[in-house]
Structures are given as structure tokens and as C-alpha cells.
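In this note's numbering, the protein residues as written are 6 to 207.
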């Protein structure tokens with residue numbers, strides 16, 4: 006969890022510095038304009054205060070996001086890591102040896118079956134399903150909508166699946182629910198493909 010907190014702090018560095026600089030500029034301007042104090046006398050204290058504001062902003066917001074993220078991943082039974090703070094969309098890739106005797110459609114259907122039978126994925130809606138294509142709309146905490154695409158290919162060189170998840174709200178740049186649901190779908194994809202490979206080997 007500490008790793009995720011530090012990763013979020015790094016993601017918030019630029020906005021926090023921006024807020025700190027605005028605060029420092031305002032704190033410098035007030036004594037200079039109102040009291041006639043010299044810029045070089047007002048600036049050091051204002052910069053220190055701006056740095057404190059920037060640190061406080063980043064630390065508090067990162068802590069709030071970390072608590073929410075921890076609650077989210079607990080719901081799905083996965084562990085929170087620094088990669089949960091990666092930029093969106095969240096992309097996960099699964100690679101295995103070739104699953105012999107199964108078409109791409111059968112592999113895609115196996116993944117769909119795994120997803121639809123997970124009670125934790127409430128409100129999962131299949132929006133596209135076909136030959137190597139599985140599109141889902143999932144609901145995260147607080148009814149956050151997450152759009153997930155699974156693309157499966159198979160051939161002599163191996164079987165691969167790419168899971169891509171993004172929030173429906175395009176303004177979101179950091180969302181632990183997206184990462185968590187991408188991990189859940191990745192786990193289901195791995196389970197489904199391994200089960201298909203094991204079934205073929207029996």
C-alpha cells in the first residue's frame with residue numbers, strides 16, 4: 006500500500022507544485038503591495054509556505070486515494086501495488102503456449118463464461134462478443150462504469166490475450182477501480198485459457 010501511496014504522490018507532483026507556486030506568488034504579493042515590503046524579503050517565507058502547501062496537498066490527496074483504492078482491491082481480493090497508479094487506460098497482457106484444439110471463438114467464450122460467473126462483478130454487461138473479441142461494461146464502487154476490452158489471438162507461436170480497461174468518464178486520469186477490474190479480468194482470462202489448455206490435454 007505504501008508503494009501505491011508513493012506512486013500517487015509522484016503522479017500529483019506537478020499539480021501540487023502548481024498550487025504551491027500560485028500560493029507562494031500570492032503570499033509574496035500581499036506584503037509587497039499592501040505593506041511595501043521588498044520582494045527579496047517577502048519571497049523566501051512565501052516560497053517556504055508554498056512548498057508546505059504543495060506537500061500537504063499531495064500527501065492528503067494521495068492518502069485519500071490510497072484509502073479508497075485499498076477498499077476497492079479488498080472487494081476483489083487482490084493486492085494493491087504501485088502499478089495501480091499507472092496512467093489510464095490500464096493494459097494487461099497474458100501470454101501462454103498455443104492452446105491446441107481450440108478456436109479463438111472457443112477461447113473467447115471461455116473467458117466470457119468465467120466473467121459472467123463471478124459474483125463480485127455485479128452488473129457486468131457484455132457489449133460485444135465474437136471471434137477473439139469480448140467487450141464488457143462493468144460497475145466498480147460507487148457505480149463507476151469501467152469499459153473493458155479483451156482481445157484474444159492464437160496461433161503456432163502461442164496464445165495471447167490483451168485486456169484494456171478505461172473509465173467511462175474520460176476526464177479521469179487515475180482510478181483504482183479501473184486497475185482492479187483489469188486485474189480481475191486478467192485473472193479470469195488466465196484461468197479460462199489454462200482450463201481450456203488442460204481440457205485439451207486430457
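Don't be surprised by glycine CBs; every beta carbon is placed ideally from N, CA and C.
The Cβ-Cβ distance between residue 28 and residue 65 does not fall below 8 Å. Counting C-beta pairs with one atom in each stretch, the region 157-172 and the region 40-56 have fewer than three that are closer than 8 Å, which means they do not touch. No residue range can be given for residue 127, since it is assigned to no beta strand (DSSP E) and is classified by DSSP as neither H nor E.
With fewer than 16 other Cβ atoms inside 10 Å of its own Cβ, residue 38 counts as exposed. The way I'd put it, the region 107-117 doesn't touch the region 72-85; fewer than three beta-carbon pairs between them come closer than 8 Å. DSSP places residue 66 in the uninterrupted alpha helix (DSSP H) bounded by 44-81. Secondary structure at residue 143: strand, using DSSP grouped into helix, strand and coil. Straight across, the Cα-Cα distance linking residue 99 with residue 33 is about 54 Å.
Taking a 10 Å sphere around the C-beta of residue 92, we find fewer than 16 other C-beta atoms and assign the residue as exposed. Counting only runs of at least 4 residues, the region 92-127 fully encloses the following alpha helix (DSSP H) elements, listed from N- to C-terminal order: 109-121. Per DSSP, the beta bridge partners of residue 152 are 142 and 171. In this structure, 157 is the residue among 157, 136, 48 and 185 with its C-alpha nearest to the C-alpha of residue 103.
The straight-line gap separating the alpha-carbon atoms of residue 130 and residue 137 is approximately 17 Å. Going by DSSP, residue 32 is part of the alpha helix (DSSP H) stretching over 18-40.
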